[in-house]
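Chemist: Each residue of the sequence shown is one higher than the last, beginning at 1 in our numbering. For every residue, glycine included, the Cβ atom is placed at its ideal position computed from N, Cα and C. What you are looking at is a predicted structure, and each value in this text was computed from that prediction instead of being measured. Here it is: the structure, laid out below.
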Amino acid sequence: MLQGRVTAVHSAYCLVWIEGSTVRCSLRGRFRRLSVRVTPGDLVRVSRKDGEHLIEEVLPRKNFLIRPPVANVDLAIVVTAVTHPPIDLTYMDRILVHVESQEIDSVVCFNKADIEDPGEIRRLASIYEKAGYAVVVASALTGQGIDELVEKMKGSNVVLAGASGVGKSKILSAITKQEVATGQLSKIRRGRHTTKGVTLYPVEGDAFIADTPGFSRLNVVECEPHDLGYYYREMADLVPLCHFPRCLHKTEDACAVREALAEGRLARERYETYLTLLEECLEREKYKYE
Ligand SMILES: Nc1nc2c(ncn2[C@@H]2O[C@H](COP(=O)(O)OP(=O)(O)OP(=O)(O)O)[C@@H](O)[C@H]2O)c(=O)[nH]1
Ligand SMILES: [Mg+2]
Ligand SMILES: [Zn+2]
Numbered sequence: 001m002l003q004g005r006v007t008a009v010h011s012a013y014c015l016v017w018i019e020g021s022t023v024r025c026s027l028r029g030r031f032r033r034l035s036v037r038v039t040p041g042d043l044v045r046v047s048r049k050d051g052e053h054l055i056e057e058v059l060p061r062k063n064f065l066i067r068p069p070v071a072n073v074d075l076a077i078v079v080t081a082v083t084h085p086p087i088d089l090t091y092m093d094r095i096l097v098h099v100e101s102q103e104i105d106s107v108v109c110f111n112k113a114d115i116e117d118p119g120e121i122r123r124l125a126s127i128y129e130k131a132g133y134a135v136v137v138a139s140a141l142t143g144q145g146i147d148e149l150v151e152k153m154k155g156s157n158v159v160l161a162g163a164s165g166v167g168k169s170k171i172l173s174a175i176t177k178q179e180v181a182t183g184q185l186s187k188i189r190r191g192r193h194t195t196k197g198v199t200l201y202p203v204e205g206d207a208f209i210a211d212t213p214g215f216s217r218l219n220v221v222e223c224e225p226h227d228l229g230y231y232y233r234e235m236a237d238l239v240p241l242c243h244f245p246r247c248l249h250k251t252e253d254a255c256a257v258r259e260a261l262a263e264g265r266l267a268r269e270r271y272e273t274y275l276t277l278l279e280e281c282l283e284r285e286k287y288k289y290e
């Protein structure tokens, strides 16, 4: 039995990366009926009979992103520009919180270094470095930082995330060294087959990467309000030190998070997005019980 990773799912077959090449695999009857259950990123066992490859088994997933559907994600490259388009820290942190809660590692990538102000990139980059994230300054146009991204991707199944227009597709093309069609989530008709969802591209160093326009539609943080602090890397170790066990780090006394803020150990920018996301969590809680 062979083992591989699903890179694309079509209505009647899947593409599976097995030992360095793409193999077209049919789905066994029971999977065909449940074809939604095989998703790009899935690790599968494949049998081979009379030159035909068949998916026999889908191995248990370690995580699953719903929008867009990708399984077993190891790393998210969260891409942003500074002014083209203007950086939205709440948006960035919403993604970082979401992936952190799914136990997906993240890299923050400042793209368009060729046209953005270097001083401003450094200022913003240091906020994220101090918070505990790996930061890469890149330009998909000049190729700056692309090797560094590829290095960080080694052995990982990676998704690109970030607002529209920050350069995700352009980075994908630079990383895969091929022009990649944009708008992959829209259905591409190939004869009578329909390409569903995302495509993973194999990258040197035993890695895969997916462009994820759908990720930009991710708009709510789905966690308990008092858990939110755990998904801010620089806050996670502070939260247990707060006096109140269910501290929201808002107005409570003896709050380790607000102490860190007052002492400059926590960036004001990060605390502000925290408060915004916290309000979203609290809103959600309210509706939950109505
Ligand atoms: N100057 C410069 N322009 C860039 C760079 N990367 C991307 N662009 C341009 O920015 C625009 C948006 O790039 P895309 O790659 O389509 O952005 P995207 O993040 O995929 O956007 P969506 O698919 O809408 O989510 C295009 O006009 C690119 O040519 C860069 O590093 N430098
Ligand atoms: Mg794109
Ligand atoms: Zn607190």
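Please output, in chain order, the residues near ligand 5 using a CB cut-off of less than 5 Å to any non-hydrogen atom of the ligand.
Modeler: In the structure shown, ligand 5 is absent; the only ligands present are ligand 1, ligand 2 and ligand 3.
Chemist: Please determine whether the Cβ atom of G167 lies at a distance below 7 Å from any heavy atom of ligand 1.
Modeler: For ligand 1, at least one heavy atom lies less than 7 Å from the Cβ of G167.
Chemist: Taking 7 Å as the cut-off, is the beta-carbon of N157 closer than that to any non-hydrogen atom of ligand 1?
Modeler: N157 Cβ: outside cutoff for every heavy atom of ligand 1.
Chemist: Fully enclosed by the stretch 71 to 128, which alpha helix (DSSP H) runs are 4 residues long or longer?
Modeler: List check, alpha helix (DSSP H) in window: 89 to 101.
Chemist: Take A131 and list the residues in its own chain whose beta-carbon comes closer than 8 Å to its own, dropping the five residues that flank it on each side.
Modeler: So the qualifying residues of the chain are Y232, R233, E234, A267 and R270.
Chemist: Buried or exposed for T83, going by 16 or more other Cβ atoms inside 10 Å?
Modeler: Under this definition T83 is an exposed residue.
Chemist: Once the 5 residues before and after T90 are set aside, which same chain residues still bring their CB inside 6 Å of it?
Modeler: Closer than 6 Å at Cβ, skipping near neighbours: T273 and T276.
Chemist: Who are V166's beta bridge partners in DSSP?
Modeler: DSSP output for V166 lists no bridge partner at all.
Chemist: Buried or exposed for V6, going by 16 or more other Cβ atoms inside 10 Å?
Modeler: Classification for V6: buried.
Chemist: What are the start and end residues of the alpha helix (DSSP H) that includes K49?
Modeler: Looking at the DSSP string, K49 is not in any alpha helix (DSSP H); the run it does join, the beta strand (DSSP E), is L43 to K49.
Chemist: Among R48, E52 and Y201, which residue has its Cα nearest to the Cα of K177?
Modeler: Answer by Cα proximity: Y201.
Chemist: Hey, could you find the ends of the alpha helix (DSSP H) T39 is sitting in?
Modeler: T39 -> no alpha helix (DSSP H), and no H or E assigned at all.
Chemist: Can you give me the Cβ contacts of K62 inside the same chain, cut-off strictly under 6 Å, excluding the 5 residues immediately before and after it?
Modeler: Taken in chain order, the residues that qualify are N72.
Chemist: Would a C-beta distance cut-off of 8 Å place L248 and P225 closer than the cut-off?
Modeler: Contact: yes.
Chemist: At the level of alpha carbons, what is the spacing between Y133 and V108?
Modeler: For Y133 and V108, the distance between alpha carbons rounds to 7 Å.
Chemist: Excluding the 5 residues flanking A125 on each side, which residues of the same chain have their C-beta closer than 8 Å to its C-beta?
Modeler: Only V108, F110, V135 and V137 meet the Cβ criterion.
Chemist: So T212 is in the alpha helix (DSSP H); what residue range does that whole segment cover?
Modeler: It is not in any alpha helix (DSSP H) - T212 carries neither H nor E in the DSSP assignment.
Chemist: May I have the straight-line CA-CA distance separating N157 from V198, to the nearest angstrom?
Modeler: Those two C-alpha atoms are separated by around 13 Å.
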